[in-house]
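So the structure is just underneath, and the comments pick up after that.
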């Protein structure tokens, strides 16, 4: 179980946003906007030896900030947001450890196997992370795309995870309904993911206390990594200290 740090970019700035409010043409609900640039956070994670974190570009206007963050720690961070079969190799050349892809693969509401195969051929399975971020509908969790606005027809199930595991090195899964709210985790989703455990999976969404992290470890059977955003003091939170997190989870 590892802590995976994050850098969420919106209009070129590091922000923490309530995930469900990312709607085209509207300003999202923002919990925090950093004065420091993305590269400062990347360098912080590098100095504290916290590899495997991710940069997520929430819409356009983030390329320069993302490139600067990758340059601050070449090979230390993954990159997602607008990644496709054409630009993925360029992001790897810019210093990304891996590319994170959702919308381009989950095309027209379904997995586009031809696109997925093309992506694997271009970047290799070891450098591909599939973002299976999801929202609840009834008893099930459905993968959402287009900055979490569009429901696909694909449900997060052990069968789906099995079918994608040969194509990706990791899965990144935001529980969108609780993302940015600091009101607790999606326990049913964590339990589902922990019961699977075939390749690395990073869970994000709703974490606001050490009790939440301990719960992820327990019901996720120790198999899940996790990301904390709005609750961290470096993102304006009051519930969790980044320094405590870094000291506990530094690699090596």
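Numbering (this note's numbering), first residue to last: 760 to 1011.
Cβ atoms here follow ideal geometry from the backbone N, Cα and C, with glycine treated the same way.
These numbers come from a predicted model, not from an experiment.
Alpha-carbon to alpha-carbon, residue j and residue i
| i | j | result |
| --- | --- | --- |
| residue 865 | residue 914 | 12 Å |
| residue 776 | residue 921 | 31 Å |
| residue 891 | residue 995 | 27 Å |
| residue 895 | residue 807 | 35 Å |
| residue 945 | residue 907 | 16 Å |
| residue 963 | residue 919 | 19 Å |
| residue 990 | residue 799 | 19 Å |
| residue 970 | residue 873 | 42 Å |
| residue 982 | residue 955 | 9 Å |
Residues that residue i bridges to, as DSSP identifies them
| i | result |
| --- | --- |
| residue 852 | Paired residue(s): none; residue 852 is not in a bridge. |
| residue 903 | 910 |
| residue 967 | DSSP lists no partner for residue 967. |
| residue 986 | 963 |
| residue 894 | 901 |
| residue 768 | 773, 816 |
Beta strand (DSSP E) segment containing residue i, residue limits
| i | result |
| --- | --- |
| residue 877 | Careful: residue 877 lies outside any beta strand (DSSP E), inside the alpha helix (DSSP H) at 872 to 882. |
| residue 857 | 857 to 860 |
Span of the alpha helix (DSSP H) around residue i
| i | result |
| --- | --- |
| residue 1002 | 1001 to 1008 |
| residue 997 | Element bounds for residue 997: n/a, residue is neither H nor E. |
| residue 946 | 946 to 955 |
| residue 889 | Counting along the chain, residue 889 falls outside any alpha helix (DSSP H), though it belongs to the beta strand (DSSP E) covering 887 to 890. |
| residue 938 | From DSSP, residue 938 is part of no alpha helix (DSSP H); its letter is neither H nor E. |
Residues near residue i in its chain [Cβ-Cβ closer than 6 Å; skip 5 each side]
| i | result |
| --- | --- |
| residue 820 | 770, 771 |
| residue 900 | 893, 915, 948 |
| residue 824 | 768, 771, 797 |
| residue 1004 | 762 |
| residue 764 | 804, 809, 812 |
| residue 930 | 889, 891, 960 |
Chain-order list of residues whose beta-carbon lies under 8 Å from that of residue i (same chain, five-residue window excluded)
| i | result |
| --- | --- |
| residue 848 | 881, 882 |
Whole beta strand (DSSP E) elements within the stretch 780 to 844, 3-residue minimum: Within the stretch 780 to 844, the complete beta strand (DSSP E) runs of at least 3 residues are 789 to 792, 812 to 816, 836 to 839.
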